[in-house]
Amino acid sequence: MDFMNTVLIVGGGGREHALLKALLRSERALCVFAYPGNPGMERDGCMLVDQPIENWDDLAKWASENEIDLTIVGPEVPLVEGIADTFNKEGLTIFGPSKAAARIEGSKAFSKDLMKKYGIPTADFQTFTDKNKAHAYLEEKGAPIVVKVSGLAAGKGAIVCDTVKEAKDALKDIFDKKSFGEAGETVVIEEKMSGEEASVFVLTDGKSYKILPAAQDHKTIGDNDTGPNTGGMGAYSPAPIVDGALMARIEKEIIVPTLAAMEKEKSRYRGVLFIGIMVTKEGPKVVEYNCRFGDPETEAILPLVQCDWYEAFKACAKGRLSDVKWSVDPGFCVSVVLASKGYPGKFEKGKVISGIEMAESKGALDVYFAGVSLDKQERLVTGGGRVLAVSSWAPALIDAVAQAYEGVAEIQFDGKTFRKDIAAKGLKYTK
Ligand code: AMP
Ligand code: GLY
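Take a look at the structure:
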């Protein structure tokens, strides 16, 4: 008799939809639930948790009652709040770091101190809880400079300042207006690094680790990296800037020492570690760590990796990752995010979405749902800033780009906004 494995995915964005699709590619029989999930995940056969959940204890109780044998966490907030500890206490298996290990994202003061203590390359910095001392440091260092709140800020907590005045305004916002609440009680001020950025993902069970193909995100809303930062407007993988030699340096100078440092700090890291890298003239440096998969990087990486993801995630949680095998398809995957007009500022919701099936019928293409809801007439409508991610793969990057944009052209909703230059940085290398 076939045994059905039961999975719970926590989260409901494009990243979680991509995690679901990757899991469902396994030959294993899976019964997948999501909390909160989204209509795209539901369409793909995932059931949404339909009980009121007030906190992670409630969700752990629900998971126990429903005999969930693996929980996979997408976003950072539950991890930083300690969802893994709560589930472990209930005897449940969960993919994601403990609360102590998730500090690597939840507290930039912690991660910067960790890098300093263990000699991991990153921007020079100092940490402040007092505005006057921060001002004095700004005067001493001058601009350009970067002001960051230490706590979680949904990707909006790093302010790159070209003048000291801008940096002082940022401090006023953080310390006086308390725009970031508790997350802004501690501030990191650091040197501005120059170079291209790349996203590196490491799966680890705390002992062994495996590195996924590198990606590049596109953070700003406008083409050519202009305008305000967003959660990410598109990604592609593998990123040619991270060639074998650079990845070997990242592994030796950053990945290995970071995992060892976490172990020494009694915060053994289990799950996926996302390292934002700046490729500077002096070599790779850490911009930040995240305790989770990236969004939209996941939508651009997972379609290329052939793996029994149920087994891989479970192995991470259980300390047997070295048994897991995967293969990476040759070729490239490009993911273009479709956003609501006005994002990352104010935007309207409830715009009817059409053309998704048409886009998907093109083949070698997935449409992942993010800010999508169902209206009273059960129509798909926009419900968030980032609405969909269209991912397409092909042997050549230029073809993956063309296919992804063909898919994008099929999908319509009022105010559809997207970048037209996703993967342009990578195409430079193929010319
Ligand atoms: P973070 O929230 O730390 O990932 O920062 C968000 C974005 O701000 C990064 O992806 C970079 O584009 C930019 N950034 C952060 N820190 C620095 C830095 N020290 N130098 C240059 N750019 C930075
Ligand atoms: N794409 C960047 C992030 O997930 O934080």
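Position one of the sequence shown corresponds to residue 1223 (the numbering used here), numbered consecutively onward. Yeah, the Cβ is synthetic: ideal placement off N, Cα and C, and Gly gets one too. None of these values were measured; they are calculated from a predicted model.
- If you compare the alpha carbons of Ala1365, Thr1228, Gly1262 and Val1232 with that of Lys1243, the shortest gap goes to Gly1262.
- In this chain, the alpha helix (DSSP H) harbouring Gly1262 covers Pro1261 to Arg1265.
- Note: Tyr1511 is bridge-paired with Ile1497 in the DSSP secondary-structure output.
- In terms of CA proximity to Asp1597, Lys1571 leads the group Glu1579, Lys1584, Tyr1590 and Lys1571.
- Taking C-beta atoms as the reference points, Thr1385 and Ala1356 fail to come closer than 8 angstroms.
- A residue is called buried when at least 16 other Cβ atoms come within 10 angstroms of its Cβ; Glu1289 does not meet this threshold and is exposed.
- Near the ligand GLY, meaning a Cβ closer than 5 angstroms to any of its heavy atoms, lie the following residues in chain order: Asp1439, Gly1454, Gly1516 and Asp1517.
- For Ile1411 against Phe1350, the beta-carbon gap comes to about 7 angstroms, under 8 angstroms, which counts as contact.
- Going by DSSP, Thr1344 is part of no alpha helix (DSSP H) at all; its letter is neither H nor E.
- At a threshold of 7 angstroms, Met1415 counts as near the ligand AMP, since its beta carbon sits closer than that to one of the ligand's heavy atoms.
- In terms of Cα proximity to Trp1548, the closest of Met1455, Lys1432 and Ile1578 is Lys1432.
- With respect to the 8 angstroms criterion, Ile1326 and Cys1513 are classified as neighbours on the basis of their beta carbons.
- Counting of Cβ neighbours within 10 angstroms places Arg1601 among the exposed residues, the total staying below 16.
- Gly1629 sits in a helix when the DSSP states are folded into three classes.
- In the three-state scheme derived from DSSP, where H, G and I count as helix and E and B as strand, Phe1332 is classed as helix.
- For Glu1419, the Cβ falls inside the 7 angstroms cut-off from some heavy atom of the ligand AMP.
- Exclusion of Val1501 from the 7 angstroms shell around the ligand AMP follows from its C-beta lying no nearer than that to any non-hydrogen atom of the ligand.
- Lys1647 has its CB no nearer than 7 angstroms to any heavy atom of the ligand AMP.
- For Phe1535, there is no enclosing beta strand (DSSP E); the residue is part of the alpha helix (DSSP H) that begins and ends at Trp1531 to Lys1540.
- With distances taken between CA atoms, Lys1638 lies nearest to Val1594 out of Ile1275, Ala1624 and Val1594.
- The DSSP-derived three-state label of Ser1614 is strand.
- Where Ser1549 is concerned, the enclosing beta strand (DSSP E) starts and stops at Trp1548 to Val1550.
- Annotation: the continuous beta strand (DSSP E) that includes Gly1444 extends over Thr1442 to Gly1444.
- Remark: C-beta atoms of Cys1529 and Ala1622 do not approach each other more closely than 8 angstroms.
- The ligand AMP approaches Gly1498 closely enough that one of its heavy atoms is under 7 angstroms from the residue's Cβ.
- The DSSP-derived three-state label of Thr1308 is helix.
- Comparing alpha carbon positions, the residue from Ile1499, Met1580, Gly1505 and Lys1642 closest to Ala1561 is Lys1642.
- Straight-line spacing of the CA atoms in Arg1237 and Asp1445 works out to 22 angstroms.
- Secondary structure of Ser1595 (DSSP, three-state): strand.
- Here Thr1480 carries a helix assignment [DSSP, helix/strand/coil].
- Glu1287 has its Cβ no nearer than 7 angstroms to any heavy atom of the ligand AMP.
- By the Cβ-count criterion, Val1559 is buried, with 16 or more other Cβ atoms from all chains shown falling within 10 Å of its own Cβ.
- For Phe1423, the three-state secondary structure derived from DSSP is strand.
- Exposure of Arg1265 is indicated by the presence of fewer than 16 other C-beta atoms within 10 angstroms of its C-beta.
- For Tyr1651, the number of other beta carbons within 10 angstroms of its own is below 16, and it is reported as exposed.
- Closer than 7 angstroms to some heavy atom of the ligand AMP: that does not describe the Cβ of Glu1487.
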